[in-house]
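Down below is the structure, laid out as structure tokens.
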Amino acid sequence: MPKSEKQKQKLLYIEELLRTRTDEDHAVTTPQIIDYLEQNDIKAERKSIYDDIRTLSDFGLDIIRGEGPRSGYSLASREFELAEVKLLVDLVQSSKFITPKKSRELITKLEGLVSTYDARKLQRQVVVTDRNKTVNENIYYSVDVIYAAMADNTQVTFQYFDWNVKKEMQLRKDGAFYQVSPWLLTWDDENYYLVAYDSAAQQMKHYRVDKMLHITQSDTPRDGWGAFDQIDVAAYSKKTFGMFAGEEKTVQLLCDRSLTGVVIDRFGTDVALRSYNEDHILVRANVAVSPQFYGWLSGLSDKVRILSPEDVAMDYRNYLQNILANYNTTT
103 MPKSEKQKQK LLYIEELLRT RTDEDHAVTT PQIIDYLEQN DIKAERKSIY DDIRTLSDFG
163 LDIIRGEGPR SGYSLASREF ELAEVKLLVD LVQSSKFITP KKSRELITKL EGLVSTYDAR
223 KLQRQVVVTD RNKTVNENIY YSVDVIYAAM ADNTQVTFQY FDWNVKKEMQ LRKDGAFYQV
283 SPWLLTWDDE NYYLVAYDSA AQQMKHYRVD KMLHITQSDT PRDGWGAFDQ IDVAAYSKKT
343 FGMFAGEEKT VQLLCDRSLT GVVIDRFGTD VALRSYNEDH ILVRANVAVS PQFYGWLSGL
403 SDKVRILSPE DVAMDYRNYL QNILANYNTT T
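Going by the numbering used here, the sequence shown opens with residue 103, and the numbers climb by one from there.
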């Protein structure tokens, strides 16, 4: 290919060099830019480089030049700072619903947002393990189908599985397909959930996206407008525990003062909370009463007590007694 045919790509190559080889600690000189262009079959002169840098700066690139005759050019700011990319890498690594393979692919793409020097820092940070990662490689496709269905106002169909003792996928309902109206994708307890309306049951239900298989978009119009309108999306995950549904009730909890932060982390800063005495706080919260809610309470040991309603307190006592009874028997 004649060199002249690539001259129109000159600015793109200079931008690439600045993006990949420079940062706040590294710069490229004019001779280095000329050498880089020659490696890519592009002729350049010193004066033209000055004009190109000015053009890129006018276009919006934050290019700075150091002081001194041998100083170079560097990209001073980017769309994402290194600290932000590190945060995204941490999120990808810790996300249970992203498979190890997809985690590595995403992290490689994130490295492209910083210089090659900063990318090495990210690589030292990266440790992707198989621990608690999903095995469903189709989760991206599933999310895409769900969003398309919500945009088109249609239902979705899919199969849903559980794990058996042989660590094998076992389809629920003997492999029959579910058909629901998707309304919301939400993140809870390190998992991705679909909140959808089940027309047959006439209620909102939750489904773990990584446990959904063979998902397709249906031509059937979406149902459940009224049920979804009644959901306070902002408060939805605060009152559900592990996305297990239960009867919603307002509970009053007497908590040790040391649990103040724990309560706010669980229910948010708008939770009804006040001082009860020197050692305790009184909390009122709307929760979906379920074994998962009781499990959360038991994890706080004797530092929390249900004051009301009485039927919830009694049910919790039975929950604890059944656990204790399980240890009083021999197997």
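The C-beta atom is built at its ideal place from N, Cα and C for all residues, glycine as well.
This one's a predicted model, so the numbers in the text were calculated from it and none came from an experiment.
Which whole-angstrom value is the C-beta distance of A146 and S173, which I expect to be below 8 Å? Actually they are not in contact, since the Cβ atoms of A146 and S173 sit about 19 Å apart, beyond 8 Å.
Residue nearest to E169 in terms of C-alpha spacing, selected from S196, D137, T131 and R206: The alpha carbon of E169 has as its nearest neighbour, out of S196, D137, T131 and R206, the alpha carbon of T131.
For T288 and I241, I'd like the C-alpha separation in whole angstroms. So the alpha carbons of these two residues sit roughly 14 Å apart.
Would you tell me roughly how many angstroms separate the C-alpha atoms of K198 and I248, rounded to the nearest one? Separation of K198 and I248 (C-alpha to C-alpha, rounded to the nearest whole angstrom) is 19 Å.
For D164, the three-state DSSP class (helix, strand or coil): It is coil, neither helix nor strand.
Check whether the region 293-304 touches the region 271-279, counting contact only when three or more Cβ pairs, one atom from each stretch, lie closer than 8 Å. Contact fails: fewer than three Cβ-Cβ distances are below 8 Å.
According to the Cβ coordinates, are Q354 and R386 closer than 7 Å? Between Q354 and R386, the C-beta gap is smaller than 7 Å, which places the two residues in contact.
Can at least three beta-carbon pairs, one atom from the region 351-368 and one from the region 407-423, be found at a separation below 8 Å? Here the region 351-368 makes contact with the region 407-423; the two share three or more CB pairs at distances below 8 Å.
In or out: K112 buried (at least 16 other Cβ within 10 Å) or exposed? Looking at its Cβ environment, which holds 16 or more other Cβ atoms inside 10 Å, K112 is buried.
DSSP state of P133, grouped into three classes? Of the three classes helix, strand and coil, the one that applies to P133 here is helix, per DSSP.
Taking the alpha carbon of R123 as the reference point, which residue from K110, Y138 and Q109 has its own alpha carbon closest? When the alpha-carbon of R123 is set against those of K110, Y138 and Q109, the nearest one is in Y138.
Element boundaries [beta strand (DSSP E), containing K211]: K211 -> not in any beta strand (DSSP E); alpha helix (DSSP H) instead, spanning P202 to E213.
Counting only the same chain and skipping the five closest in sequence on each side, list residues whose C-beta sits under 7 Å from that of H382. So the qualifying residues of the chain are L356, C357, D358 and R359.
According to DSSP, is I248 helix, strand or coil? In this structure, I248 counts as helix in the three-state DSSP scheme.
Using 10 angstroms around the beta-carbon of G370, count the other beta-carbons present and answer buried if the total reaches 16, otherwise exposed. So G370 counts as exposed.
Measure the CB-CB distance between F263 and K203 and report whether it falls below 7 Å. No, Cβ-Cβ distance for F263 and K203 is not below 7 Å.
Kindly give me the distance between the Cβ atoms of K179 and D164, rounded to whole angstroms, as I take these residues to be in contact under 8 Å. In the sequence as displayed, the identity of residue 179 is Ser instead of Lys. About 4 Å separates the two Cβ atoms, so the contact holds.
On the DSSP bridge assignment, give the partners of Y175 in chain order. BP columns for Y175 point to V130 and R167.
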